Amino acid sequence: GESVGLHLPTLSVQEGDNSIINCAYSNSASDYFIWYKQESGKGPQFIIDIRSNMDKRQGQRVTVLLNKTVKHLSLQIAATQPGDSAVYFCAEYGQNFVFGPGTRLSVLP
Amino acid sequence: EAQVTQNPRYLITVTGKKLTVTCSQNMNHEYMSWYRQDPGLGLRQIYYSMNVEVTDKGDVPEGYKVSRKEKRNFPLILESPSPNQTSLYFCASWRWVSHTEAFFGQGTRLTVV
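Same order as they appear, the protein sequences are chains A and B.
Going letter by letter, the first sequence gives residues 1 to 109 in my numbering.
Going letter by letter, the second sequence gives residues 1001 to 1113 in my numbering.
Right, dumping it as structure tokens:
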């Protein structure tokens, strides 16, 4: 069956450094991908999305890269801040949303 | 304000006592879905609904029921809760187009003792 996974369950970065969170997906028919951020005690919140006809999309401090050849999705956060500490999920959408297990990002002072 | 509202936020109950977790969205979204979140397993889909009176099983439907009598509401029913249903539950909704984000509620933390 289809599945979406993340390579690392936890990631620690120094404040000010760049963060890269990775995700592998298996359904080549998925045509839409999203990154969500979940802070403690809250529901997942949308960060950035990308369609399958693109390979890169940039937001304010975030960039999502899509490599369809190897079915890989990544989220890059520039100049990581303490407020970026959260669990990050990737999700793919074909006929329904499928979520990965998440990566917990910790920002060190 | 566009939002998905779940109630209650926290619930402790005993095995076998029927309970309902409500979910309501004000965005006129066609799709609604329930997920449970457990450590290391991410978000697993319980049930989803593509529109009024249309519901389908997700990945982990056993022990749960849903209904979609109105477009805005999608309650999750546990007829006879068991301790393995202790989890964090999220309701989500989205529009029926191919590229659209899902909006999530704040979550319901359920403990079954």
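By construction, the Cβ of each residue, glycine as well, lies at the ideal position given by its N, Cα and C atoms.
Please read these numbers as outputs of a predicted model, since none were measured by experiment.
Counting only the same chain and skipping the five closest in sequence on each side, list residues whose C-beta sits under 6 Å from that of residue i.
{"i": "leucine 11(A)", "result": "Thr103 and Leu105"}
{"i": "serine 3(A)", "result": "Reliability of the predicted coordinates at serine 3(A) is poor, the pLDDT of 47 falling under 50, and the value obtained from them is presented with this limitation in mind. Once the five neighbours on either side are set aside, the close Cβ partners of serine 3(A) are Ser26."}
What does the Cβ neighbour count give for residue i, buried or exposed, with the cut at 16 atoms within 10 Å?
{"i": "valine 87(A)", "result": "buried"}
{"i": "tryptophan 1096(B)", "result": "exposed"}
{"i": "glutamine 51(A)", "result": "Note on identity: in this sequence residue 51(A) is arginine, with glutamine being the wrong assignment. Per the 10 Å Cβ criterion, exposed."}
{"i": "tyrosine 1010(B)", "result": "exposed"}
{"i": "isoleucine 47(A)", "result": "buried"}
{"i": "proline 49(A)", "result": "First, the residue type needs correcting, since residue 49(A) is aspartate and not proline in the sequence shown. By the 10 Å Cβ count, aspartate 49(A) comes out buried."}
May I have the straight-line CA-CA distance separating residue i from residue j, to the nearest angstrom?
{"i": "glutamine 1025(B)", "j": "proline 1008(B)", "result": "15 Å"}
{"i": "valine 98(A)", "j": "aspartate 1059(B)", "result": "10 Å"}
{"i": "valine 1004(B)", "j": "phenylalanine 1103(B)", "result": "7 Å"}
{"i": "glutamate 1001(B)", "j": "proline 82(A)", "result": "27 Å"}
{"i": "glutamine 1045(B)", "j": "phenylalanine 1074(B)", "result": "14 Å"}
{"i": "serine 1049(B)", "j": "proline 109(A)", "result": "44 Å"}
{"i": "lysine 1057(B)", "j": "serine 1067(B)", "result": "12 Å"}
Could you give the C-beta distance for residue i and residue j, rounded to a whole number, given that I count them as a contact under 8 Å?
{"i": "aspartate 107(A)", "j": "glutamate 39(A)", "result": "The sequence shown places valine at residue 107(A), rather than the aspartate named in the question. That belief does not hold up - the Cβ atoms of valine 107(A) and glutamate 39(A) are roughly 12 Å apart, past 8 Å."}
{"i": "glycine 94(A)", "j": "asparagine 27(A)", "result": "5 Å"}
Checking contacts by CB at 8 Å: is residue i closer than that to chain B?
{"i": "isoleucine 34(A)", "result": "yes"}
{"i": "asparagine 96(A)", "result": "yes"}
{"i": "lysine 42(A)", "result": "yes"}
{"i": "aspartate 49(A)", "result": "yes"}
{"i": "glycine 102(A)", "result": "yes"}
With a CB to CB cut of under 7 Å and the five nearest residues on each side skipped, what residues in its chain are close to residue i?
{"i": "glycine 1(A)", "result": "Caution applies to glycine 1(A), whose pLDDT of 34 falls short of 50 and renders its modelled position unreliable; the model cannot decide the point."}
{"i": "isoleucine 122(A)", "result": "Shown here, chain A extends from 1 to 109; a query on residue 122(A) therefore has no answer."}
{"i": "lysine 1065(B)", "result": "Ile1077 and Glu1079"}
For chain A, check one thing: does any of its Cβ atoms lie closer than 8 Å to the Cβ of residue i?
{"i": "tyrosine 1074(B)", "result": "For clarity, residue 1074(B) is phenylalanine in the given sequence; the question names tyrosine instead. Phenylalanine 1074(B) does not count as touching chain A."}
{"i": "leucine 1110(B)", "result": "no"}
{"i": "tyrosine 1043(B)", "result": "Before going on, a small fix: residue 1043(B) reads as leucine here, not tyrosine. Yes, leucine 1043(B) counts as interfacial toward chain A."}
{"i": "glycine 1107(B)", "result": "yes"}
{"i": "tyrosine 1047(B)", "result": "no"}
Using a Cβ-Cβ distance cut-off of 8 Å, determine whether residue i contacts chain C.
{"i": "glutamate 1101(B)", "result": "Note that chain C does not occur in the displayed structure, where the protein chains are A and B."}
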